[in-house]
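Quick note on this note's numbering: the sequence shown kicks off at 1388 and runs consecutively. Just so it is clear, CB atoms sit at the ideal spot from N, CA and C, and this is done for glycine as well. Just so we're clear, the structure is a prediction, and the values are computed from it rather than from any experiment. Heads up: the structure comes next, in structure tokens.
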Amino acid sequence: MFHTIQQQLKILLLITFGGPDQLRLLKYLLVDNQYNRIARPVQNDSDPLPVTINLALQNIIEYDERNEAIVISGWMTIMWNDYSLRWKPEEFGNIQTLRIPSKQIWTPDILLYNSADENFDITMKINAVVQHNGDIQYVPPVLFKSICPFNIAAFPFVNIKKRCHSYLPCFLINCMTIFGFLLSPDSGEKLTLHITTLLTVVMFSLLLAEILPPSSNAIPIITAYFICVMIISAVSVVASILILSLHFRNSKNHTMSLWVRKYICNYLAWLLLMKRPDYDLSWRGIRRQWASSKQESNNVNKSIDNRHSKILPEPSLNNTFELLSTNVINVDKRSLEFLERQRSDPLLEFSVLPTTEIHNSRHHQNTSNDLYTCDMEMTRSELRVIISQLAILINYFRQKEKDDDNSQDWQFVAMVIDRLCLVIFAAIMLLFTVFTFLKI
């Protein structure tokens, strides 16, 4: 048993360190034959040396999108025939194959010319397997780091797996731009939302520029998408400024023209399916309204009311003053006629006053008549003041109501423009998004 173990150890040592036949064979091939690892192994210098190369890719380790470089690992199988490394197996212990370090024999010059690595030698130095007939098989592991220009128009879809998450933030930002048109101008945050959205798009564009190649012959689709979103955001800021300007207009600083009232407040509002309380924005109502307004060509700047309730004509100040003055004068006349009847009819005087006081009563009546006339004059003066003040108040409230109606008209114009921008921008975003995903 001990002898068997000893024989097994001898076999392992022979396999590990090589036997005398292998050492003798190496000496024969490399020393005795004066082998030159620099010379091309052919018998005639004009003969070609066939070299077979096979490459088995194992893994894509890294893909540098900005520098357009790719790192790939794999195995390279190189086979050729070296006539200087031939022997007869029966002369060297029947050795059929021999492993020789690749640094001691001739190997083909295989370099990756589009390499992005500082070291162009991509192969690792390992042993080559040499057959007794001179056939050599060299299988070194390789690590490629090569320049890999790609069609940047399809960025970031340069791999088999599409990365749709690169477009998702931009799509959400675009949706926020559109939803900003649903925000009321009275909230005070409409313009702030659009400006914030524009700054967000600019920030994402800067982040995208860091991962894109600095120079390329094509424009990436994702870059074109970001440019479109940036343009939409910038135009939305301008549209918000216009909408806010229209929303806060009034009759003191702006007069609404006829075409704005006709085509925006009526026809465009009808086209956008908008409704307004106490206004008939149906097609028949609009046609009926503007058909009747043609008969009033001299009042084109006058506010046209669509409300169903009828408004009474405004009484003038002079008519009101004359009406009240006439009533006061009639009161004065009735009072004076009564006093005249008292002076002309003695029976009335005796029926009212005793006989002993006739003279005093007549004197008192004359004095009362003068005082009454003076009081009536004062009353008429006070009535004039009251009437003038009432007229001022009436005119103030009528003008205020007119200004409020005008302001509401401008606010409705702003709402119509806001809805129009919402429809246009949503259509542009939808079409461009569909076109982008169909392109990639």
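- Mind checking whether T1564 and I1619 have CB atoms under 8 angstroms apart? Contact flag set, yes.
- Tell me, to the nearest whole angstrom, how far the beta carbon of H1634 is from that of W1797; I am working on the premise that it is less than 8 angstroms. The Cβ separation is near 7 angstroms, so the contact holds.
- Item | Segment limits, beta strand (DSSP E) that includes I1447 | Where I1447 is concerned, the enclosing beta strand (DSSP E) stretches over 1439-1451.
- Message: For a quick check, are the C-beta atoms of G1567 and T1587 less than 8 angstroms apart?
- Response: Taking 8 angstroms as the Cβ cut-off, G1567 and T1587 do not qualify as a contacting pair.
- Tell me whether S1571 sits in a helix, a strand or coil according to DSSP, three-state version. Residue state for S1571 is assigned as coil, using DSSP reduced to three classes.
- Query: Per DSSP, what kind of secondary structure is V1526 in: helix, strand or coil?
  - Reply: Reduced to three states, the DSSP call for V1526 is coil.
- Among L1444, M1466, Y1450, E1505, which residue has its Cα nearest to the Cα of P1536? Ranked by Cα distance from P1536, the first of L1444, M1466, Y1450, E1505 is Y1450.
- For F1812, is the classification buried or exposed, using 16 other Cβ atoms within 10 angstroms of its Cβ as the cut-off for buried? F1812 should be labelled buried.
- Query: Is there contact between the segment 1638-1645 and the segment 1622-1629, where contact requires at least three CB pairs shorter than 8 angstroms?
  - Reply: The segment 1638-1645 vs the segment 1622-1629: no contact.
- Item | Option nearest N1520 by Cα separation, candidates M1763, L1555, I1492, D1469 | Nearest option by C-alpha distance: D1469.
- Message: What does the Cβ neighbour count give for A1596, buried or exposed, with the cut at 16 atoms within 10 Å?
- Response: Counting Cβ neighbours within 10 Å, A1596 comes out exposed, since fewer than 16 surround it.
- Would you please state the rounded distance, in angstroms, between the beta carbons of L1660 and V1810? I believe it to be under 8 angstroms. Contact flag wrong, Cβ pair sits at about 10 angstroms.
- Label E1764 either buried or exposed according to how many other C-beta atoms from any shown protein chain fall within 10 Å of its C-beta, with 16 as the threshold for buried. Result: exposed.
- Query: Going by DSSP, which residues form a beta bridge with M1466?
  - Reply: The bridge partners DSSP lists for M1466 are T1439, Q1524.
- Which of the three DSSP states, helix, strand or coil, is assigned to I1487? Of the three classes helix, strand and coil, the one that applies to I1487 here is strand, per DSSP.
- Message: If you measure between the beta carbons of F1613 and F1591, is that distance less than 8 angstroms?
- Response: A distance below 8 angstroms separates the beta carbons of F1613 and F1591.
- Message: With a threshold of 8 angstroms on Cβ separation, who are the neighbours of Q1483 within its own chain once the five nearest residues in sequence on each side are excluded?
- Response: Excluding residues within five positions, the ones whose Cβ falls inside 8 angstroms are P1476, Q1518, H1519.
- Message: Cutting at 6 angstroms between CB atoms, please list the residues of its own chain near I1447, excluding the five before and the five after it.
- Response: If we look at I1447 and ignore the five residues flanking it on each side, its Cβ neighbours are I1459.
- Item | S1627 in three-state terms, based on DSSP | Helix.
- Query: For Y1783, is the classification buried or exposed, using 16 other Cβ atoms within 10 angstroms of its Cβ as the cut-off for buried?
  - Reply: Exposed.
- Query: In this structure, what does DSSP give as the bridge partners for I1457?
  - Reply: Secondary-structure assignment with DSSP links I1457 through a beta bridge to Y1450, S1533.
- Task: Specify, as a first and last residue, the run of the beta strand (DSSP E) that V1517 falls within.
- Result: Its beta strand (DSSP E) spans residues 1514-1518.
- Nearest residue (CA-CA) to L1416, options P1428, L1436, R1473: If we check each option's Cα against that of L1416, R1473 comes out closest.
- Message: Classify R1636: buried if its beta carbon has 16 or more other beta carbons within 10 angstroms, exposed otherwise.
- Response: Classification of R1636: buried, given that the 10 Å Cβ count is 16 or more.
- Item | A1503, enclosing alpha helix (DSSP H) - first and last residue | Counted as a single uninterrupted DSSP element, the stretch harbouring A1503 is not any alpha helix (DSSP H), since DSSP gives it neither H nor E.
- By Cβ distance, which residues of its chain are closer than 7 angstroms to M1511, with the 5 residues on each side in sequence left out? Correct list, in chain order: P1527, P1528.
- Any idea what DSSP makes of W1657, helix, strand or coil? Correct three-state label for W1657: helix.
- Taking the C-alpha atoms as reference points, what is the distance between R1427 and S1489? Distance between the alpha carbons of R1427 and S1489 is about 14 angstroms.
- Message: Between which two residues does the alpha helix (DSSP H) holding E1597 run?
- Response: From DSSP, the alpha helix (DSSP H) with E1597 extends over 1577-1598.
- Message: Please classify E1788 as buried or exposed, where buried requires at least 16 neighbouring CB atoms within 10 angstroms.
- Response: In summary, E1788 is exposed, with fewer than 16 beta-carbon neighbours lying within 10 Å of its beta-carbon over all protein chains present.
- Message: One question on the structure: do I1534 and A1515 come within less than 8 angstroms of each other, judged by their Cβ atoms?
- Response: With contacts defined by Cβ atoms closer than 8 angstroms, I1534 and A1515 do not form a contacting pair.
- chain D within 8 angstroms of A1778, Cβ atoms only: In the structure shown, chain D does not exist; there is a single protein chain.
- Measure the CB-CB distance between W1467 and L1436 and report whether it falls below 8 angstroms. Taking 8 angstroms as the cut-off, the beta carbon of W1467 is found closer than this to the beta carbon of L1436.
- If you run the structure through DSSP and keep just helix, strand and coil, what is I1618? Secondary structure at I1618: helix, using DSSP grouped into helix, strand and coil.
- Based on Cα-Cα distance, which residue from T1579, V1803, S1571, G1575 lies nearest to V1647? Nearest C-alpha to V1647: V1803.
- So, using beta-carbon positions, are F1531 and L1499 closer together than 8 angstroms? Yes.
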